[in-house]
Structures are given as structure tokens and as C-alpha cells.
Amino acid sequence: MMSAHGCLASGSVAALVRQETVVLTPVLSRLLKATMAAALALCLVQPANAQQRNASFAVPYAGTLKKINDSGEIRIGYRENSPPFAFLDARRKPLGYSLDLCESR
Numbered sequence: 070m071m072s073a074h075g076c077l078a079s080g081s082v083a084a085l086v087r088q089e090t091v092v093l094t095p096v097l098s099r100l101l102k103a104t105m106a107a108a109l110a111l112c113l114v115q116p117a118n119a120q121q122r123n124a125s126f127a128v129p130y131a132g133t134l135k136k137i138n139d140s141g142e143i144r145i146g147y148r149e150n151s152p153p154f155a156f157l158d159a160r161r162k163p164l165g166y167s168l169d170l171c172e173s174r
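Quick note, the sequence shown lines up with residues 70 to 174 if you use our numbering.
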């Protein structure tokens, strides 16, 4: 039913909404439970496979990662003129957040 403003009246909205209930038969209920149990089991097994120590695929380091792995050091650079991250004080000593990160262990 349309109101004077051209909108549906509130009584007609309830008539448009239909409630349906889904009734599962015992066979479908058991099938659903078995499917959910299988999905849960697969979710539990997959992380265990990902954590195996002797994986068959070992990617050798190359380039910068090889250099870091061989030396055991990471070299970090900073910009001298990026306050507050890095700047020079009155005595030309580097200061700032980036320097704090570079010096931390």
C-alpha cells in the first residue's frame, strides 16, 4: 500500500518479508557434521606440515642476503639532513631517531 508520499506503508513491509525455516534431515545433518569435522582436521594438519625442519626446498642466499649471512652484519645508512630522524648537532655529531635505531642491538 502506498502512502501519500509515495512510500510503502509500514504494514506492507511486513507482508513483503517472508520467514522460512530450513529443516535438515538426519542424513543431511550427519553429512554436515562430517564435512565440518573433516575441514577442522585439515586446518589442524596444515600448520604442522609447514613447520617441518628438513624442508625439501632450501633457497640459497644470493646478493645482499648472501653478504649479510656470510658476514653476520647488516650495514645501515642514514641521511644527515632529515630532522628529527637524522641531523647534525652544533658539534657536527649525528643525532636523531635513525641513529638510535642504527646503534641499538
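The beta-carbon is built from N, C-alpha and C at its ideal position, and this holds for glycine as well.
Taken atom to atom, the span from the alpha-carbon of R174 to that of D139 is near 19 Å. S151 carries a strand assignment under DSSP once its states are collapsed to helix, strand and coil. With fewer than 16 other beta carbons inside 10 angstroms of its own, S151 counts as exposed.
Its Cα nearest to that of R148, the residue L168 stands out among L168, S98 and I137. Looking at P129, E172, P95 and L164, the one whose alpha-carbon comes closest to that of I145 is E172. The beta carbon of L164 sits closer than 8 Å to the beta carbons of A155, F156, L157 and D158 from its chain, once the five residues preceding and following it are set aside; these are given in chain order. Note: L164 is bridge-paired with F156 in the DSSP secondary-structure output.
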